[in-house]
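For reference, each letter of the sequence shown is one residue, going 0 to 600 in numbering that gives the first Met the number 0.
Glycine residues also receive a C-beta, built at the ideal position from the N, C-alpha and C atoms.
Just so it is clear, the structure is predicted and the values come from calculations on it, not from any experiment.
Remarks on the structure that follows.
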Amino acid sequence: MNKLIHTLQMALLAMLMGMTAACTPDSYDLEAPDVASEDLVEGIAYTITHDSENPNIIYLKSLMPSSYQVCWEHPQGRAQGAEVTLQMPFEGEYEVRFGVQTRGGVVYGPTATFTIDSFYAGFVNDDLWTYLTGGVDQEKTWIFDNGEYGFAAGELTYADPSGTVTWNNWTANWDPGVGHTGDDAIWESTMTFNLQGGANVTVYNSSSDETQTGTFMLNTDSHTITFTDCDLLHTPSWSDRTTNWRRDLQLLELDENHLRIGVMRDNSEGPWWLIWNFVSKEYADNYVPEDQPDPEPTLPDGWQDMVSEVVTSEIKWTMSPDVPFDWANLDGSLMNNFTAGNYPDWATVVDGLENLSMTLNSADMTYTFEMPDGTTTSGTYTLDEDGIYTFSAGVPTYHIGGGDIMFSATAENQLRILSIETAGNSVMGMWLGNRSTEKDEYLAYHFLPNAGSGSGTPTATEIAVDNSKIVCGHLEEATNNFRIELYNMYGSTASNQPFDPASIVFDYSMELTFTISGLTGAAATNAYTAQLMCTADGWWPSVGEGQGTTTVQGDGTYTIRYSPSAAYNGVIVFCIDFQEMFSDIENPDAVTVTIDNLSIL
Numbered sequence: 000m001n002k003l004i005h006t007l008q009m010a011l012l013a014m015l016m017g018m019t020a021a022c023t024p025d026s027y028d029l030e031a032p033d034v035a036s037e038d039l040v041e042g043i044a045y046t047i048t049h050d051s052e053n054p055n056i057i058y059l060k061s062l063m064p065s066s067y068q069v070c071w072e073h074p075q076g077r078a079q080g081a082e083v084t085l086q087m088p089f090e091g092e093y094e095v096r097f098g099v100q101t102r103g104g105v106v107y108g109p110t111a112t113f114t115i116d117s118f119y120a121g122f123v124n125d126d127l128w129t130y131l132t133g134g135v136d137q138e139k140t141w142i143f144d145n146g147e148y149g150f151a152a153g154e155l156t157y158a159d160p161s162g163t164v165t166w167n168n169w170t171a172n173w174d175p176g177v178g179h180t181g182d183d184a185i186w187e188s189t190m191t192f193n194l195q196g197g198a199n200v201t202v203y204n205s206s207s208d209e210t211q212t213g214t215f216m217l218n219t220d221s222h223t224i225t226f227t228d229c230d231l232l233h234t235p236s237w238s239d240r241t242t243n244w245r246r247d248l249q250l251l252e253l254d255e256n257h258l259r260i261g262v263m264r265d266n267s268e269g270p271w272w273l274i275w276n277f278v279s280k281e282y283a284d285n286y287v288p289e290d291q292p293d294p295e296p297t298l299p300d301g302w303q304d305m306v307s308e309v310v311t312s313e314i315k316w317t318m319s320p321d322v323p324f325d326w327a328n329l330d331g332s333l334m335n336n337f338t339a340g341n342y343p344d345w346a347t348v349v350d351g352l353e354n355l356s357m358t359l360n361s362a363d364m365t366y367t368f369e370m371p372d373g374t375t376t377s378g379t380y381t382l383d384e385d386g387i388y389t390f391s392a393g394v395p396t397y398h399i400g401g402g403d404i405m406f407s408a409t410a411e412n413q414l415r416i417l418s419i420e421t422a423g424n425s426v427m428g429m430w431l432g433n434r435s436t437e438k439d440e441y442l443a444y445h446f447l448p449n450a451g452s453g454s455g456t457p458t459a460t461e462i463a464v465d466n467s468k469i470v471c472g473h474l475e476e477a478t479n480n481f482r483i484e485l486y487n488m489y490g491s492t493a494s495n496q497p498f499d500p501a502s503i504v505f506d507y508s509m510e511l512t513f514t515i516s517g518l519t520g521a522a523a524t525n526a527y528t529a530q531l532m533c534t535a536d537g538w539w540p541s542v543g544e545g546q547g548t549t550t551v552q553g554d555g556t557y558t559i560r561y562s563p564s565a566a567y568n569g570v571i572v573f574c575i576d577f578q579e580m581f582s583d584i585e586n587p588d589a590v591t592v593t594i595d596n597l598s599i600l
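Following this line, the structure appears as structure tokens:
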């Protein structure tokens, strides 16, 4: 038998030497035989040996010529290089595959096995093993991070693959918050690791009500984790985001209380790090948040002047008849983002609210409230540094929506400024809040400024656009669109802005008029859909399918009108895409575009 193995080794060596010679510059025309899978067997192409003193140490060694790049699939992941050392703490039978890089790709040999006969605790005494499992003979359960424990904002975080994304050395490029993966049923899901006779893992997905059991291997040197017979816990509807939920997943953070594991997205959206965030169930069950002060609304610099001297010292603020009320968090952010015509039945807006007004005179600090039924209340007021109005003679109570939604002040006759809406240097509106005595929230009222005794009907605000800074062309390689880019926080206009993206503050409508000229070829006569691409921070609200469009046919002036489903407070992307137009333009460099008017209401 030994003689036979020796003969096979010599034959393979001779063949490989011939292949090596055939790859020299003088012999490019020769056809060298490929390495076949059956040639890459243990004992001929590579060896698997146990350490003489510690049999739980395994040495994988290539017998191929050094000119060949070899790769391994082994119980602790994948590796390249002629020699690999494995530290195997648990008894059991394990598999190895050996591969060689050829002109046609990697060729793997048949699977080989080796056996570990006993447990060796020395290889699992690293803190990471203990953090993950609780220690030898213990188990530990992990659940999705719901953003309440001070580690992550929610169950998923994004990181840019063009930067460094390694153990304790990475930066999130987007932390979208709890519920981003869109499945409210995931929160009972669990992932339990144990070191009870092996490295075992049980993954229960409450969304699909499925349980997977398998094993795992933690590589504390490369900070990766590999699952066998089960997947990393994730939202089922996100399974198509990557083809790899098991091997060499990147361990980014791990301590006694929290765990973050990165997988690389490899679907049609392109490569990006998807980082799944977990906390220890024991930690979550016993978590008591630190006593934190209530969050406060953040008002812009110079807000006192904004609400006191819009035109004159006397300002009449009228309640918005279209978006008169909402509810707000303690930081002033609106909970529902109601828009004109989109209030639910239980919050139907009553008629005549444009006649509900608050007139403030900052010269003598006097006020008058006037209700649509003719009720008036007058007195003096104060405005403190936190934006809290206190009214000496109180505030009338008036029914403004639904069955019992009322305009009123607190028992202390106070209303608080929650936010101020601006466009450029103009004040567009103000939200005042009546803090609830039962919940951590405000009932918020929306007022529009009118100097003196002006009408309560809001007027559109025109946004100034520097046309010299607009970028046009084939800006997205994955599409055939011709794009007008006014602002894109991920594009060149992020640092050279044609307009102030923070000025796009509106909840009723937008009107955008533009002129395009210089269209050539088929683009000069064919009809195309011009689609507005507009989204606020957090990618919501954004223009939906069929909204914000117009038809373009040849050079001319066109207008896009858009009414949002929720209030915009600044934008991160603002473009117009002429769909499927670019390849029809004979001379794209000749195309010019100007924005004639951009108005918001």
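- Fewer than three pairs of CB atoms, one per stretch, sit closer than 8 angstroms, so the segment 210 to 230 makes no contact with the segment 133 to 148.
- When DSSP reads this structure, P448 sits in a beta bridge with W316.
- When only Cα atoms are considered, W538 and F498 end up about 19 angstroms apart.
- Note that the C-beta distance between I594 and V470 is not below 8 angstroms.
- In terms of Cβ geometry, L251 and R264 do not form a close pair [threshold 8 angstroms].
- Here T191 is not near T180, since their CB atoms are 8 angstroms or more apart.
- The C-beta distance from L39 to V99 rounds to 6 angstroms, short enough to fall under 8 angstroms.
- Around the beta-carbon of N55, 16 or more other beta-carbon atoms lie within 10 Å, marking it buried.
- Scanning its chain for C-beta atoms nearer than 7 angstroms, with the 5 sequence neighbours on each side dropped, one finds around A589 the residues G517, T519, in chain order.
- The criterion of a C-beta distance shorter than 8 angstroms is not satisfied by A535 and I584.
- The Cβ atoms of F577 and N449 do not sit closer than 8 angstroms to each other.
- Residue pairing by DSSP puts I260 in a beta bridge opposite L250, W275.
- For W186, there are no CB contacts under 6 angstroms within the same chain when 5 residues up- and downstream are skipped.
- A residue is called buried when at least 16 other Cβ atoms come within 10 angstroms of its Cβ; D350 does not meet this threshold and is exposed.
- Going by C-alpha positions, P343 is about 23 angstroms away from L417.
- Contact annotation, I483 with C574: C-beta distance approximately 6 angstroms; criterion of less than 8 angstroms satisfied.
- Comparing C-alpha distances from W302 to each of D383, G261, S66, L333 shows the shortest one belongs to D383.
- When the alpha-carbon of L217 is set against those of T140, Q211, P74, the nearest one is in P74.
- In this structure, DSSP gives N568 an extended state, which the three-state scheme calls strand.
- For the pair A459 and L298, the CB atoms are not nearer than the 8 angstroms cut-off.
- Non-local C-beta neighbours of T381 in its own chain, meaning closer than 6 angstroms and more than five positions away in sequence, comprise T389, ordered along the chain.
- Looking at the DSSP output, R560 sits in a beta bridge with E510.
- When Cβ pairs closer than 8 angstroms are counted between the two stretches, the segment 143 to 156 is seen not to touch the segment 98 to 113, the count staying below three.
- Under the DSSP assignment, E92 falls in the beta strand (DSSP E) whose first and last residues are 91 to 101.
- At the C-beta level, D506 and T338 come within 8 angstroms of one another.
- If you draw a straight line from the Cα of N568 to the Cα of T165, it is about 35 angstroms long.
- At a cut-off of 4 residues, the continuous stretches assigned as alpha helix (DSSP H) that sit fully inside the segment 104 to 153 are 126 to 132.
- Its Cα nearest to that of L232, the residue N276 stands out among N276, D254, E255, N256.
- For M305, the enclosing alpha helix (DSSP H) has its first and last residue at 302 to 307.
- Counting every other CB atom within 10 Å of its CB across the protein chains shown gives V394 a total of 16 or more, marking it as buried.
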